[in-house]
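Q:
2 protein chains.
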Amino acid sequence: MCAGRGLDALAARLAELRRLLDGDLGDIEREIAKVGLDGETPAHRSARHLLGLNGKRLRPICVALASHIGSGFNDAARTFAVAVELVHNATLLHDDVVDLGDRRRGADAARVIYGNAASIFGGDYLLLDALSKIQAVGMTDVLERVLLVIKEMVVAEALQLASRGRVRTSTSEYFQIVDGKTASLFRWAMFAGARAGGVNEPLCKALESFGTSLGVAFQLVDDVLDFAGDPEATGKALLTDLREGKMTYPLLLAMERDRELTPALEAHCASEDTAVEPELGRRIAQIMVEKRVVDDCLELASRLCGDAVRSIEPLPESPAKAALEGVAMSTPRRKR
Amino acid sequence: MCAGRGLDALAARLAELRRLLDGDLGDIEREIAKVGLDGETPAHRSARHLLGLNGKRLRPICVALASHIGSGFNDAARTFAVAVELVHNATLLHDDVVDLGDRRRGADAARVIYGNAASIFGGDYLLLDALSKIQAVGMTDVLERVLLVIKEMVVAEALQLASRGRVRTSTSEYFQIVDGKTASLFRWAMFAGARAGGVNEPLCKALESFGTSLGVAFQLVDDVLDFAGDPEATGKALLTDLREGKMTYPLLLAMERDRELTPALEAHCASEDTAVEPELGRRIAQIMVEKRVVDDCLELASRLCGDAVRSIEPLPESPAKAALEGVAMSTPRRKR
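Sequences listed follow chains D and F, in order.
In terms of UniProt numbering, the first sequence has 241 at position 241, counting the first letter as 1, and numbering is strictly consecutive.
In terms of UniProt numbering, the second sequence has 211 at position 211, counting the first letter as 1, and numbering is strictly consecutive.
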């Protein structure tokens, strides 16, 4: 009964979200569709290819909702919403080269179609385009913050790269990397939307906290889906992180609950071959279910989303606030 | 006699340059030495490795001299001088991954030591660090311009990538790429230095023209050194551009003067093997000398540097102006 009521409440909130953002999201998509049309190089095509795939646009949704907490979705909010998606896509284009990723959003990665070089320059292009757009709005603090955030993202990606294949890593390092590579951009999205909507300082801080918690939860679910997702829904193969030697939270928890997993993972990471042995894959899948690793990770994600909801309690009730709560509540349940 | 007097004049001007910029260059180097010290990832190390090698620092010199045309080298000028070097180094880190370059400034490329991924993130890091520094100065137009310039650089690199291996390319496309990938940053360096020094609008425009002409000449000499340079001095192997399928101006001129070269280059570019056949290499070297390709390219570079000098004629005489003339006059003669 209780779970049923929770789902009803969630469905109502997501319907609210769709009603509220319908026009905004259309505006954002029209702007995104114009990006990279000023050239026909493989770099431009790489950028357009990725942007044209069916992304979740969760970061632009954050910008739009934060703006509605204030005076509403205006030109500045639209620009920031487009820019945050461009920054996100820029990092994906670079990450796919770094990770030699082949699939993205259910399609071939841009680097597979246009080559690594085009993917690097395509990412550079999107990054600069995003920064020019943000700069043109003329809100100094929003620009200053995004420059710091992108640097944080790069440093976190570099840290992740450095700790690749190091099985005995710590939970604190995992959360440090997640804050830098994912949560920081969600935090900025909320900040930028709030500033565009003229939200006052304390409420802006509350929205930023929401972004941080939501971002960490979002990444945690992403990392769970790498072990327990449906590749049809996620658009990428299972065990991608493990193949890349990334020790994510589900894996850290699995090692804690089955001590024999650690040496097996060390053997995997030490081997030249990045493919995961079927036996190791089956064993991990078993631990994930039997030792309740997936359940506990999703519970942690739910708690983080509860934190997100609590951090915006000071906000007066409004359709935008309800929609933000809906986004947070749906995050631990997301399948893609 | 005349050439002798030219050399004396040049020597005097370069002595002036050293006297004028001695303290400034020390300041710039001290700031550059602090970059990337906030982390120990391979990305940070890649960035520091490249910055620590013996670069020419020509772009920072442009910033410093332009500032001396105005009120002199101040904090803003120092920041812009450091930033322009960081942007330049960021592009080198990405280019070496794109071109699979092994040597840079007489040492192993960062990607050889730390890997491609570290070189990509190292470039991203330097780019963001440069932009944060520029933003902190608070001159909106200088930041706006650098964002546009870096986008121009990326688009030009992407164009160059797209035309790689296309032997029948045009001189106009070559100069379009050179303007985007090289001259635009020299132009910005002059603009930023001038703005830092409070130079008035017409003189600022004159300095920007200087930067454009100098930048094109600089790239042209670079492209000549790829055929006729001393690898000990340049720090990179001969025929690197040709191996990468880049049709630079010396090659375009060589094809014009020896029609049989075109099919030979087409065969080279069509082959899987990027190495240049010794026979082809010898033939190109012969054409470069006997058909006076190198001489004529360097003459064109001299004319461009003459344009640079002429564009700053409206400036009142000053040690900084004399030093800029010295930089321009020495560019066609540079060996590294």
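Here a beta-carbon is modelled for each residue, glycine too, at the ideal position from N, C-alpha and C.
1) Please confirm whether T182/F and Q219/F have their CB atoms less than 7 Å apart.
2) Measuring alpha carbon to alpha carbon, tell me which residue in R333/D, E279/D and N116/D is nearest L298/D.
3) What residues in the stretch 297 to 315 of chain D have a beta carbon less than 9 Å from any beta carbon of chain F?
4) For V142/F, is the classification buried or exposed, using 16 other Cβ atoms within 10 angstroms of its Cβ as the cut-off for buried?
5) Starting from V154/D, find everything on chain F with Cβ-Cβ shorter than 8 Å and list it in chain order.
6) A158/D by DSSP, collapsed to three states: which one?
7) Return the CA-CA distance between E325/D and R13/D, expressed in angstroms with no decimal places.
8) What would DSSP say about A107/F, mapped onto helix, strand or coil?
9) In chain order, what residues of the same chain have a beta carbon less than 6 Å from the beta carbon of A275/D, not counting five sequence neighbours either side?
10) For the alpha helix (DSSP H) holding M273/F, just list the boundary residues, first then last.
11) Is N116/F buried or exposed, if buried means 16 or more other CB atoms sit within 10 Å of its CB?
12) Please tell me whether E272/D has its Cβ less than 7 Å away from any Cβ of chain F.
13) Counting C-beta neighbours from all protein chains within 10 Å, is the total for K151/D 16 or more, i.e. buried, or is it exposed?
14) Measuring only the C-alpha atoms, how far is V97/D from D95/F?
15) By Cβ distance below 7 Å, which residues in the same chain neighbour A254/F in space, the five residues on each side in sequence not counted?
16) Give me the subset of the stretch 92 to 104 of chain D whose CB atoms are less than 7 Å from a CB atom of chain F, sorted by chain position.
17) May I ask you to report which of helix, strand or coil DSSP gives G306/D?
18) With 7 Å as the C-beta to C-beta threshold (strictly closer), list the residues of the stretch 134 to 148 of chain F near chain D in chain order.
19) Within the continuous alpha helix (DSSP H) that includes L253/F, where are the two ends?
20) If you count every other CB in all the chains shown that lies within 10 Å of the CB of E157/F, and 16 or more means buried, which is it?
21) If I follow the unbroken alpha helix (DSSP H) through T79/D, where does it start and stop?
22) Residues in its own chain within less than 6 Å of L265/D by CB, not counting five upstream and five downstream?
23) Given that S132/D touches chain F, what residues does it touch there, using C-beta distances under 7 Å?
24) Taking three-plus beta-carbon pairs below 8 Å as touching, is the stretch 62 to 74 of chain F in contact with the stretch 196 to 214 of chain F?
25) For the alpha helix (DSSP H) containing P319/F, list its first residue and its last residue.
26) Using a beta-carbon distance cut-off of less than 8 Å, what residues from the stretch 154 to 168 of chain F approach chain D?
27) Can we say the stretch 126 to 135 of chain D touches the stretch 160 to 179 of chain F, given the rule of at least three CB pairs closer than 8 Å?
28) Pop quiz: A320/F and L20/F are said to be a contact at Cβ under 8 Å. What is the actual Cβ separation, rounded to whole angstroms?
29) In the DSSP assignment, the alpha helix (DSSP H) including R45/F goes from what residue to what residue?
30) Excluding five sequence neighbours on each side, which residues of the same chain lie with their C-beta closer than 8 Å to the C-beta of V84/D?
31) Indicate whether at least one CB of chain F lies closer than 7 Å to the CB of A192/D.
32) Is there a Cβ from chain F that is less than 7 Å from the Cβ of A328/D?
33) Quick one: which chain F residues come within Cβ less than 8 Å of A109/D?
34) How would you write the range of the alpha helix (DSSP H) that L208/F sits in, first residue to last?
35) If L214/F and T331/F are in contact, beta carbons under 8 Å, what's the gap, nearest whole angstrom?
36) State the DSSP-derived secondary structure class of G281/D, mapped to helix, strand or coil.
A: In terms of the structure at hand:
1) Cβ atoms of T182/F and Q219/F: closer than 7 Å.
2) The candidate whose alpha carbon is nearest that of L298/D is R333/D.
3) Of all residues in the stretch 297 to 315 of chain D, none is placed with a Cβ closer than 9 Å to any Cβ belonging to chain F.
4) By the 10 Å Cβ count, V142/F comes out buried.
5) Going along chain F in sequence order, the residues near V154/D (Cβ under 8 Å) are A43, F121, D124, Y125 and L128.
6) In this structure, A158/D counts as helix in the three-state DSSP scheme.
7) For E325/D and R13/D, the distance between alpha carbons rounds to 7 Å.
8) The three-state reading of DSSP puts A107/F in strand, counting E and B together.
9) Cβ within range, chain order: n/a, list empty.
10) The sequence as given places Asp at residue 273/F; Met does not occur at that position. Run containing D273/F: none; DSSP gives neither H nor E here.
11) Around the CB of N116/F, 16 or more other CB atoms lie within 10 Å, so the residue is classed as buried.
12) No, its Cβ sits nowhere closer than 7 Å to a Cβ of chain F.
13) With 16 or more Cβ atoms within 10 Å of its Cβ, K151/D is classed as buried.
14) The alpha-carbon atoms of V97/D and D95/F are separated by roughly 14 Å.
15) For A254/F, the CB contacts under 7 Å within the same chain, skipping 5 residues up- and downstream, are L261, I284, I287, M288, K291 and V293 in chain order.
16) Contacts with chain F (Cβ-Cβ distance below 7 Å) from the stretch 92 to 104 of chain D involve H94, V97 and V98, listed in chain order.
17) Here G306/D carries a helix assignment [DSSP, helix/strand/coil].
18) Under the 7 Å Cβ criterion, the stretch 134 to 148 of chain F contributes Q135, L143, E144, L147 and L148.
19) L253/F -> alpha helix (DSSP H) spans Y249 to R257.
20) With 16 or more Cβ atoms within 10 Å of its Cβ, E157/F is classed as buried.
21) In this chain, the alpha helix (DSSP H) harbouring T79/D covers D75 to D99.
22) Take L265/D, set aside five residues on each side of it, and the residues of its chain with a beta-carbon closer than 6 Å to its own are V167, in chain order.
23) Identification of chain F residues near S132/D by a Cβ-Cβ cut-off of 7 Å yields L147, L148 and K151, ordered along the chain.
24) The stretch 62 to 74 of chain F makes contact with the stretch 196 to 214 of chain F: 3 or more CB pairs, one atom from each, lie closer than 8 Å.
25) Unbroken alpha helix (DSSP H) run through P319/F: P319 to S330.
26) Taking 8 Å as the Cβ-Cβ cut-off, the stretch 154 to 168 of chain F approaches chain D at V154, V155, E157, A158, L159, L161 and A162, given in chain order.
27) Taking one beta carbon from each stretch, the stretch 126 to 135 of chain D and the stretch 160 to 179 of chain F have fewer than 3 pairs nearer than 8 Å; the two do not touch.
28) With 8 Å as the limit, A320/F and L20/F qualify as a contact, their Cβ atoms being about 6 Å apart.
29) P42 to G52 is the span of the alpha helix (DSSP H), which, as asked, contains R45/F.
30) For V84/D, same chain residues with a beta-carbon under 8 Å away, outside a window of 5 residues either side, are R59, P60, C62, V63, A130, L185, W188, A189 and A192 in chain order.
31) Chain F contact via Cβ: absent.
32) Answer no: the Cβ-Cβ gap between A328/D and chain F never drops below 7 Å.
33) None at all; the shortest Cβ gap to chain F is about 15 Å.
34) According to the sequence shown, residue 208/F is Glu rather than Leu. Note, E208/F: alpha helix (DSSP H), E201 to A228.
35) So it is a contact: roughly 6 Å between Cβ atoms.
36) Residue state, collapsed to three classes: helix.
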